[in-house]
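Q: Mind looking over this structure? Questions follow.
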Amino acid sequence: MFIVGGLLLGLIVGIVYGLTGLNAIVLIPALVVFYGFSQHRAVGTTIAVLLLPVGCFAFWKYWRAGEIDFKLAGLLACGFLVGGWLGGTYAQHVPDIALRRGFAVVLIIAALRMLFQ
40 MFIVGGLLLG
50 LIVGIVYGLT
60 GLNAIVLIPA
70 LVVFYGFSQH
80 RAVGTTIAVL
90 LLPVGCFAFW
100 KYWRAGEIDF
110 KLAGLLACGF
120 LVGGWLGGTY
130 AQHVPDIALR
140 RGFAVVLIIA
150 ALRMLFQ
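With our numbering, the residue at position 31 of the sequence shown is 70, and numbering never jumps.
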């Protein structure tokens, strides 16, 4: 069941990712709820998933459609590299419950902004 569940969750998150560009927003809560992961373990596992070329096929489709700004993508990647290191370092010193609540607050704010724009 572990293998089937993991593949099925990966498929669902992959579809959401291809449609919206969102993966962590779906994957992290799923790992916490369905797998009983701590917030730290869910975030770490999600980052491990991102290390693999999971976005290759979605990237290919968007690139073929001319929907990628490579200049901005490069700048964002540079910032992401440093920010990921800083965030990962800081997260190891934050209690699990605080990390989980902070993640929930970010999701709520993003959802409300999208809902009312």
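For each residue, glycine too, the CB sits at the ideal point set by N, CA and C.
1) By the three-class DSSP mapping on this structure, what secondary structure does Asp108 have?
2) Ignoring anything shorter than 3 residues, give me the beta strand (DSSP E) runs that lie fully in the segment 123-148, in order along the chain.
3) Nearest-angstrom Cα distance between Ala116 and Lys110?
4) How is the alpha helix (DSSP H) around Phe41 delimited, first residue to last?
5) Buried or exposed for Leu226, going by 16 or more other Cβ atoms inside 10 Å?
6) Can you tell me whether Pro68 is helix, strand or coil according to DSSP?
7) Hey, Ala150 and Leu138 are a contact pair by Cβ (cut 8 angstroms); roughly how many whole angstroms apart?
8) CA-CA distance, Leu66 and Leu154?
9) Would you mind reading off the limits of the alpha helix (DSSP H) that contains Phe96?
10) From the DSSP output, in three-state form, read off Phe76 for me.
A: So, from the listed chains and residues:
1) coil
2) none
3) Cα-Cα distance, rounded: 10 angstroms.
4) 41-59
5) There is no way to answer for residue 226, as the model of the chain reaches only from 40 to 156.
6) helix
7) Not confirmed; about 19 angstroms, so no contact.
8) 21 angstroms
9) Its alpha helix (DSSP H) spans residues 95-103.
10) Under the three-state reduction of DSSP, Phe76 is assigned to coil, being neither helix nor strand.
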